[in-house]
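Below: one structure, written as structure tokens.
In the numbering used here, the protein residues as written are 53 to 282.
Here you go:
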């Protein structure tokens, strides 16, 4: 059974009264432990697709199915935003181009946030976040604020935050787009290491095709259609 799949996914926006079709019947599936890249020109809808996969946006038509259970679409198992948010927080981790860390919180507090939102006891959340941060090489940065960290360290905290609930799936939107080439390479190595050690599934949207070529499965989004590249 696929971990995540889409069936005839469409997404249309209205701009100045005119419809703009961003996704046109996207069908694909992702298995547990897959590492998948999505490339395409700026404005092609890559981020939109990722947000729909992550249930952050609703499709205009079609379905998103997680482990055989519809989560978006007419047959969705989640009939209200609260239930869908709880599913998302437990099941999917997100990493974006800009880390989105809370500047007033230290490394540990930032990494704990998804667990606290899920109602996990603070002591347990702190233990889980500490373990994850240590795994990512940030054991000596637990009490540092984001402004005291390098760009690469900040993004590793973002990865720790995404991983703290032990999600099966990480959706990463240009995760190294704001970093220099050398730091970006290290973050890609980190993703491969997480995938290998924990079996975490990754879907990575990127404009860097050289790095994307490292992924075993690669798709290109062009004019709303997802094409299999490799």
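Every residue gets a Cβ at the ideal spot worked out from N, C-alpha and C, and that includes glycine.
Just reading off the alpha helix (DSSP H) that residue 146 is part of, what are its end residues?
Start at 1 with the first residue of the chain shown, and residue 146 comes out as number 94. It is not in any alpha helix (DSSP H) - residue 146 instead sits in the beta strand (DSSP E) that spans 144-148.
For residue 86, name the three-state secondary structure that DSSP assigns.
Here residue 86 refers to the residue found at position 34 of the chain shown. Three-state DSSP puts residue 86 in coil, outside helix and strand.
Three-state secondary structure (DSSP) of residue 103
Against the chain shown, residue 103 aligns to sequence position 51. Helix.
Out of 276, 235, 130, state which residue places its alpha-carbon closest to the alpha-carbon of residue 202.
The residue you call residue 202 lines up with position 150 of the chain shown. Comparing Cα-Cα distances from residue 202 to each of 276, 235, 130, the minimum goes to 235.
Buried or exposed by the 16-neighbour rule on C-beta atoms within 10 Å, applied to residue 158:
The residue labelled residue 158 in the question sits at position 106 within the chain shown. So residue 158 ends up on the buried side.
Excluding the five sequence neighbours on either side, which residues of its own chain have a C-beta within less than 7 angstroms of the C-beta of residue 213, listed in chain order?
Residue mapping note: residue 213 aligns to position 161 of the chain shown, counting from 1. Excluding positions up to five away in sequence, the list reads 162, 163, 165, 166.
Could you say which of 101, 95, 138 lies nearest to residue 78 if we only look at CA atoms?
Translated into positions along the chain shown, residue 78 becomes position 26. Comparing Cα positions, the closest option is 101.
Under 7 angstroms, do residue 198 and residue 155 count as touching if we go by C-beta distance?
Reading the chain shown from its first residue, position 146 is the one you call residue 198. Reading the chain shown from its first residue, position 103 is the one you call residue 155. Contact: yes.
Please confirm if the stretch 217-229 is in contact with the stretch 186-196, defined as three or more CB-CB distances below 8 angstroms between the two stretches.
no
Quick check on residue 194: does DSSP put it in helix, strand or coil?
For the purposes of this step, residue 194 is taken as residue 142 along the chain shown, with counting starting at 1. In the structure shown, residue 194 sits in coil (DSSP, three-state: anything other than H, G, I, E or B).
So for residue 207, helix, strand or coil by DSSP?
Indexing the chain shown from 1 puts residue 207 at position 155. DSSP places residue 207 in helix when its eight states are reduced to three.
Output the boundary residues of the beta strand (DSSP E) element that contains residue 245.
Taking the first residue of the chain shown as 1, we reach residue 245 at position 193. It is not in any beta strand (DSSP E) - residue 245 instead sits in the alpha helix (DSSP H) that spans 233-250.
By the three-class DSSP mapping on this structure, what secondary structure does residue 80 have?
In the chain shown, the residue the question calls residue 80 occupies position 28. Strand, per DSSP.
Start and end of the beta strand (DSSP E) containing residue 64?
The count along the chain shown starts at 1 and reaches residue 64 at position 12. Start and end: 56-67.
Going by DSSP in three states, residue 287 sits in which element: helix, strand or coil?
Residue 287 falls outside the range modelled here, since the chain spans only 53 to 282, and no answer is possible.
Taking the continuous beta strand (DSSP E) assigned at residue 113, which residues delimit it?
To locate residue 113, count along the chain shown from 1; it is residue 61. Run containing residue 113: 113-118, per the beta strand (DSSP E) assignment.
N-terminal and C-terminal residue of the alpha helix (DSSP H) that residue 264 is part of:
Here residue 264 is taken as the residue at index 212 of the chain shown, counted from 1. Where residue 264 is concerned, the enclosing alpha helix (DSSP H) stretches over 261-264.
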